[in-house]
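Down below is the structure, laid out as structure tokens.
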Amino acid sequence: EYARGVPTDDLGELGPAPLDEKGKPKRGTTVRFWPDPTIFTETIEFEYALVAQRLRELAYLNKGIKIAIIDDRFAKEEVFLAENGLASFVQYLNAGKDPLHQPPILVAGVHHPSEPGARRIEVDCCLQWTTAYNETIYSFVNNINTVEGGTHVSGLRAALTRSVNTYAQANNLLKIAKGESLSGEDIREGLTAVLSIRISDPQFESQTKIKLGNSEAKGVVESQVADALAQWFDENPQMARTVVGKALESSRAREAARKARELARRKSGLEGGDLPGKLADCQEKDPAKSELYLVEGDSAGGSAKQGRDRRTQAILPLRGKILNVEKARFDKMLLNNEVRTIISALGCGVGPDYDASRLRYHRLIIMTDADVDGSHIRTLLLTFFYRQMRQLILGGHLYIAQPPLYRVAKGRQEKYLRDEVAMERFFLDQAVGGVKVRAESVTQVGSDPDGLWIDREQMGPLVERLVELVKRVRRIERKYPASILDAFYQVTGGVVPSDPGPAADQLRELLGEIDPTLRIIAVTADPSGPAIDVRVEIRGEEVIVRLTTHLGEHERLTALYADLGAVVKLPLIVAAGTNEVVAHTWPDALVSILALAQRGWEVQRYKGLGEMNPDQLWETTMNPEIRVLQRVEMHDLVAAETAFTVLMGDAVEPRRDFIQANALSVRNLDI
Numbered sequence: 014e015y016a017r018g019v020p021t022d023d024l025g026e027l028g029p030a031p032l033d034e035k036g037k038p039k040r041g042t043t044v045r046f047w048p049d050p051t052i053f054t055e056t057i058e059f060e061y062a063l064v065a066q067r068l069r070e071l072a073y074l075n076k077g078i079k080i081a082i083i084d085d086r087f088a089k090e091e092v093f094l095a096e097n098g099l100a101s102f103v104q105y106l107n108a109g110k111d112p113l114h115q116p117p118i119l120v121a122g123v124h125h126p127s128e129p130g131a132r133r134i135e136v137d138c139c140l141q142w143t144t145a146y147n148e149t150i151y152s153f154v155n156n157i158n159t160v161e162g163g164t165h166v167s168g169l170r171a172a173l174t175r176s177v178n179t180y181a182q183a184n185n186l187l188k189i190a191k192g193e194s195l196s197g198e199d200i201r202e203g204l205t206a207v208l209s210i211r212i213s214d215p216q217f218e219s220q221t222k223i224k225l226g227n228s229e230a231k232g233v234v235e236s237q238v239a240d241a242l243a244q245w246f247d248e249n250p251q252m253a254r255t256v257v258g259k260a261l262e263s264s265r266a267r268e269a270a271r272k273a274r275e276l277a278r279r280k281s282g283l284e285g286g287d288l289p290g291k292l293a294d295c296q297e298k299d300p301a302k303s304e305l306y307l308v309e310g311d312s313a314g315g316s317a318k319q320g321r322d323r324r325t326q327a328i329l330p331l332r333g334k335i336l337n338v339e340k341a342r343f344d345k346m347l348l349n350n351e352v353r354t355i356i357s358a359l360g361c362g363v364g365p366d367y368d369a370s371r372l373r374y375h376r377l378i379i380m381t382d383a384d385v386d387g388s389h390i391r392t393l394l395l396t397f398f399y400r401q402m403r404q405l406i407l408g409g410h411l412y413i414a415q416p417p418l419y420r421v422a423k424g425r426q427e428k429y430l431r432d433e434v435a436m437e438r439f440f441l442d443q444a445v446g447g448v449k450v451r452a453e454s455v456t457q458v459g460s461d462p463d464g465l466w467i468d469r470e471q472m473g474p475l476v477e478r479l480v481e482l483v484k485r486v487r488r489i490e491r492k493y494p495a496s497i498l499d500a501f502y503q504v505t506g507g508v509v510p511s512d513p514g515p516a517a518d519q520l521r522e523l524l525g526e527i528d529p530t531l532r533i534i535a536v537t538a539d540p541s542g543p544a545i546d547v548r549v550e551i552r553g554e555e556v557i558v559r560l561t562t563h564l565g566e567h568e569r570l571t572a573l574y575a576d577l578g579a580v581v582k583l584p585l586i587v588a589a590g591t592n593e594v595v596a597h598t599w600p601d602a603l604v605s606i607l608a609l610a611q612r613g614w615e616v617q618r619y620k621g622l623g624e625m626n627p628d629q630l631w632e633t634t635m636n637p638e639i640r641v642l643q644r645v646e647m648h649d650l651v652a653a654e655t656a657f658t659v660l661m662g663d664a665v666e667p668r669r670d671f672i673q674a675n676a677l678s679v680r681n682l683d684i
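In the numbering used here, the protein residues as written are 14 to 684.
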């Protein structure tokens, strides 16, 4: 065990290893980490999805190794085990796609150098073509994700181009001029590939280890992959013809796209020259100081044009929804007017012709309405930039505007608030000075002389703890209804006694008081847990809620309930002026505090940018001094690829599964 980098104990023998299900001693490593509060003085929130994705990746790269992740915060656990290694990885990446062949093509080999001092290189690769229009290649060196590829990826691409062309020419499958061949780009359309090599002393081109520089890796990978592909083509002639046919289709589409691009270039200045007519350009010619707003609708576009800073801000209104490029080939995409307009305005080219040095604006800002249509348009734009201008995202040039959802006003006071969280924060600040709380018992020093009302100095910390408690309760309330959770902590203080019978009786009685609408069927004690089981009817179904000390967030919830209980005991009376509300639970108390704090305030919700006049749009969304922008970043390319394929692709079943799996996590449903 280590603390702050120093071992706290000597290495010692603990005893025999526990046995697995086959009766054999378990082997492996367990790593448990917890941030030291004396070092990490600010709040640290670990992203479970990010850690889980990396461990999932490692499981695919090291087949047969079982990796488990346990999140004690939410009592969440996942186990990753890829018996088929990279084949499982490719199938995971192709979820939602239609493969052209099954099973995937596997390449596995070891290069033993004959020259003294040369490196031994292990090559593992898995390939599968699909009906999609984009290539997906992930490469790894010694389990490190080489995002920018390198010599090993160059070897893979060279092998693909050479092998497919050799087979196609040998079997007279090419219907193009003699001496011509399929391009690598055509051959890789729809290909999903994962390449993993192991090499001693790898030479990376940067400190971040995202690009391999070992020259010998190219030849080794090319040789291994080319040999495996030649064998696969010979053994699977029908599938090989399908792969070549897909490449020929891509070649014809590429030629059509070239003609469409030339035509569009002549008609609308697709890559520089003339700018689209509806673009209101800025005066600044330095791209680093210029920004372009992509605005939903002509109405909002008109307001943005009037409210902008003409020196540095350009406005491009978009009419309707752009094409979903996930379902369209390159040539079809270029026929879409809105897509062509965006390409023309940016001036940097698209797809393989993208050139960052010609980008006319270094800040591209998507500004859409806060409704379903606005979200859809934003998603379509993100899909376009991800598929056709990914370097624009990786370069940090793409942003999403954060127009306010709310305007609150009282007399001459007026404030714009970005979202529900900001509005809640605003009214909680108002509550500290305008809302009072009292109960039968006030145990902390500093209360009013009459012993009833919490004083203002205590209200601030009380509200902060209350907000944190409710936030944590909401994370698990789908599994543990708030009223049941509240009663559990009120009765037990977070500690289930070895004989939970009396606590179960108290909990049932308290639940009847704090939530009369809850249909309780039975509350029983389980000494073996120890645990308390609450059988209730929720939405017409009988559900058993099991309450133990293993609840997600348990440690922090126990502390918060104790802190709040030390200040004031439930039930509470929340008052503002002559208005009083009784709250039986802490979540109810927060709702009551917010409701009373809002009295007298006018709350306006904006659904469309067109509802704001030019001055309001400038003040809230476009003024660089006070606006809030959200930069689009990609930390996990595998997760991004899967998300775009599942949510925007042709296959319906994976999208339906995604919706069903995440339906209970929806916070804001707009129907």
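From the three backbone atoms N, C-alpha and C, an ideal C-beta is built for every residue, glycine too.
Cβ-based neighbour list, residue i, same chain, cut-off 6 angstroms, excluding 5 preceding and 5 following
i, result
"Ser-316", "Pro-627, Leu-630"
"Gln-621", "For clarity, residue 621 is Gly in the given sequence; the question names Gln instead. Within the same chain, Gly-621 has close Cβ partners Asp-382."
Per-residue burial, residue i [other beta carbons within 10 Å of its own, 16 or more giving buried]
i, result
"Asn-185", "exposed"
"Asp-247", "exposed"
"Asp-528", "buried"
"Ala-214", "Before going further, note that residue 214 is Asp rather than Ala in the sequence given. Exposed: under 16 other Cβ atoms inside 10 Å."
"Asp-384", "exposed"
"Asn-107", "buried"
"Asn-178", "buried"
"Phe-657", "buried"
"Thr-381", "buried"
"Asp-512", "exposed"
"Lys-302", "exposed"
"Ile-672", "exposed"
"Gln-141", "buried"
Own chain, CB closer than 7 angstroms to residue i, minus 5 neighbours either side, in chain order
i, result
"Leu-650", "Val-160"
"Ser-312", "Gly-623"
"Asp-22", "Glu-14"
"Val-504", "Ala-516, Gln-519, Leu-520, Leu-523"
"Thr-255", "Leu-113, His-114"
"Gly-409", "Arg-644"
"Asn-349", "Ile-335, Leu-336"
Residue(s) in a DSSP beta bridge with residue i
i, result
"Pro-112", "Thr-143"
"Met-380", "Val-308"
"Asn-592", "Ala-589"
"Gln-644", "Strictly speaking, residue 644 in this sequence is Arg, with Gln absent from that position. DSSP, once it has assigned bridges, lists Tyr-412 as partnering Arg-644."
"Lys-89", "Asp-84"
"Asp-539", "Ala-544"
"Glu-686", "The chain is shown only over 14 to 684; residue 686 falls outside these bounds and no answer can be derived."
"Arg-485", "None; Arg-485 has no bridge partner."
"Thr-205", "Gln-141, Thr-149"
"Trp-466", "Arg-451"
"His-597", "Answer is none; His-597 lacks a bridge partner."
8 angstroms Cβ cutoff met for residue i and residue j
i, j, result
"Leu-524", "Ser-496", "yes"
"Ala-575", "Ile-545", "no"
"Leu-347", "Ala-444", "no"
"Lys-110", "Ala-653", "no"
"Leu-208", "His-165", "yes"
"Thr-3", "Gly-507", "Any answer about residue 3 is impossible in this case: the structure gives the chain only from 14 up to 684."
"Leu-577", "Leu-482", "yes"
"Leu-430", "Leu-405", "no"
"Ile-534", "Glu-555", "yes"
"Leu-329", "Leu-307", "yes"
"Lys-39", "Pro-31", "yes"
"Val-450", "Val-581", "yes"
"Arg-69", "Phe-93", "yes"
"Gly-226", "Gly-163", "yes"
"Leu-570", "Tyr-502", "yes"
Neighbourhood of residue i by C-beta, 8 angstroms cutoff - its chain only, sequence neighbours within 5 removed
i, result
"Gln-182", "Ser-194"
"Ala-190", "Legend: pLDDT at Ala-190 = 46, less than 50; position of this residue unreliable, value from coordinates given subsequently. Nothing listed; no residue qualifies."
Chain B within 8 angstroms of residue i, Cβ atoms only
i, result
"Ala-253", "Considering every chain present, this structure includes no chain B. It has just one protein chain."
Stretch-stretch touch, CB-based, cutoff 8 angstroms, three pairs: the region 406 to 418 with the region 335 to 344: no
Cβ contact (3+ pairs, closer than 8 angstroms) linking the region 230 to 250 and the region 128 to 137: yes
Validate contact between the region 196 to 214 and the region 79 to 90 using beta carbons, cut 8 angstroms, 3 pairs: no
Sufficient close CB pairs (3 or more, under 8 angstroms) joining the region 585 to 592 to the region 602 to 620: yes
Contact the region 232 to 245 vs the region 90 to 105: 3+ CB pairs below 8 angstroms: no
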